[in-house]
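Colleague: After the structure tokens below, expect a handful of questions from me.
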DNA sequence: GTCGATATTGAACGCCGTTCAAACACTGGA
DNA sequence: TCCAGTGTTTGAACGGCGTTCAATATCGAC
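Residue numbers (my numbering), protein chains in the order written: chain A, 85 to 272; chain B, 85 to 272.
Spelled out as structure tokens, the structure:
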């Protein structure tokens, strides 16, 4: 009952972020996090719904940062649509490679309660994509484009691409996006 | 010194597969596996290089089964290339959805030694893709096509697709492959 | 000061991956 | 037949994990 809960919660989340960024996703444990935040494991469990709660909050934050990063990378509507989308794709890749531990928590961490595994902040990302792609493509096509690019980035971040693709992720993303844009142009 | 090592190794791997398929990837633990295989944890560690060794062997097997499944789904060179590739994509999706625990081990399990995270059996899969796609597309384009489809399947298996894409994974794969094939046709 | 109400604590439970000294089973020679 | 030597198997032990919960500490209201 010392600190307002809001503050402590925020502090714990900040420590969790530091822990994950600094020592990897596996370093995020109840005991280590409680020690870093200066409280006990019990308090941690009072403020969050198991570790899942911490990870979910962290993932919301990560998703917001990712969306902000893409927004910052959008060159604006003065440039052709394909180029804009490619810039977004490159920013998506860059964020994943720059923050592999957060990425792992966001896309590979196995939550006990699998509901809403990726936070609804994904919506903001898809909304940005919609804004850039225009009203033509269906939601399905939009999600397919995202998922396709996501596949390349996920495999790159997880270092699961064959050697032949080493360093070619950017070109591969451009390829997929160009093909997608052509598909859109022909009305998919 | 009771059983030949080869036999015991195979038995352990079989039990590991049963454990994973039956109770999920997280059920694969040294103690449970040793108990299921009727040996001690020490023997397990004599036969495999940590649990990573078990997972790697399991993943090799999974990759072979996946490749076999795709081979079986290939309608042959009598049908158009796009249709063949779509059949492969659907089989890829079907395998993932049918064996989510093996899939998780193959693509989301975090190995301590990250070298060769996906086994070289991936080569067989890419070779099949090459055979179907013909000599035109570059290795990069081929890998990009695989990774794009993989993205959709991975998100579907992990249940991380937005609700709007529920049940549309097959169509999304077809979309990506059609776009890719058009890209190939125009010489990518 | 007293008293509920609320927040905090940390020991305890059962599980995990991993190691390693001791116990065991087997082989060939005496 | 016994024995020494070789290699295998064992399971207790270590430290860490997520999680719970009875006991403790702290608070505002009176």
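Cβ atoms here follow ideal geometry from the backbone N, Cα and C, with glycine treated the same way.
1. Going by beta carbon distance, what residues of the same chain come within less than 6 angstroms of residue 244/B, once the five residues before and after it are set aside?
2. Could you name the residues of the stretch 173-203 of chain B whose beta carbon sits closer than 8 angstroms to any beta carbon of chain A, in the order they occur along the chain?
3. Determine the DSSP secondary structure at residue 146/A, reduced to helix, strand or coil.
4. Can you check which of these residues, 144/B, 191/B, 159/B, is closest to residue 213/B by C-alpha distance?
5. At which residues does the alpha helix (DSSP H) containing residue 191/B begin and terminate?
6. Write down the C-beta distance between residue 228/B and residue 259/A rounded to the nearest angstrom, noting that I regard them as a contact closer than 8 angstroms.
7. Can you tell which of 237/A, 269/A, 224/A, 257/A has its C-alpha closest to the C-alpha of residue 249/B?
8. Are any of the Cβ atoms in chain A nearer than 8 angstroms to that of residue 256/B?
9. Hey, out of 211/A, 270/A, 234/A, 143/A, whose CA is closest to residue 254/A's CA?
10. For a cutoff of 8 angstroms on Cβ pairs, would you count residue 322/A as touching chain B?
11. Is residue 163/B buried or exposed, if buried means 16 or more other CB atoms sit within 10 Å of its CB?
12. Using 8 angstroms as the threshold, is the C-beta distance between residue 131/A and residue 103/A below it?
13. Within 8 angstroms of any Cβ in chain A, is that where the Cβ of residue 234/B sits?
14. Just the chain B side, please: which residues come within less than 7 angstroms of residue 98/A by C-beta, in chain order?
15. Using a beta-carbon distance cut-off of less than 9 angstroms, what residues from the stretch 140-160 of chain B approach chain A?
16. Does the beta carbon of residue 114/B come closer than 8 angstroms to any beta carbon on chain A?
17. Quick one: is residue 107/A near chain B, going by C-beta distance under 8 angstroms?
18. Flag this pair as touching only if the stretch 186-206 of chain B and the stretch 121-130 of chain B have three or more C-beta atom pairs under 8 angstroms; answer yes or no.
19. Confirm, please, whether the CB-CB distance from residue 195/A to residue 139/A is below 8 angstroms.
20. Confirm, please, whether the CB-CB distance from residue 165/A to residue 218/A is below 8 angstroms.
21. Beta carbons nearer than 7 angstroms to chain B: which residues of the stretch 211-229 of chain A have them?
22. If you draw a straight line from the C-alpha of residue 251/B to the C-alpha of residue 100/A, how long is it?
23. Out of curiosity, what's the CA-to-CA distance linking residue 351/B and residue 113/B?
24. Nearest chain B C-beta to residue 168/A closer than 8 angstroms, yes or no?
25. Please report the distance separating the alpha-carbon of residue 208/A from that of residue 210/B.
26. I need the boundaries of the alpha helix (DSSP H) containing residue 163/A, first residue and last residue.
27. Run down chain B in chain order and give the residues with a C-beta less than 7 angstroms from the C-beta of residue 264/A.
28. Run through chain A and tell me which residues come within less than 8 angstroms of residue 243/B, C-beta to C-beta.
29. Tell me, please, whether the CB atom of residue 267/A is closer than 8 angstroms to any CB atom in chain B?
30. If you follow the alpha helix (DSSP H) that residue 93/B is in, where does it begin and where does it stop?
31. For residue 250/B and chain A, any beta-carbon pair shorter than 8 angstroms?
Modeller: If we stick to the structure as given:
1. none
2. 188, 191, 192, 194, 198, 201, 202
3. helix
4. 159/B
5. 184-191
6. 5 angstroms
7. 224/A
8. yes
9. 234/A
10. The displayed coordinates of chain A run from 85 to 272. Any statement about residue 322/A would go beyond what the structure contains.
11. exposed
12. no
13. yes
14. The premise fails here: residue 98/A is roughly 24 angstroms from chain B at the closest Cβ pair, so nothing lies under 7 angstroms.
15. none
16. no
17. no
18. no
19. yes
20. yes
21. 223, 224, 225, 227, 228
22. 35 angstroms
23. Because chain B here runs from 85 to 272, residue 351/B falls outside it and cannot be looked at.
24. no
25. 35 angstroms
26. Unbroken run through residue 163/A: none, as it is neither H nor E.
27. 263
28. 198, 201
29. yes
30. 89-107
31. no
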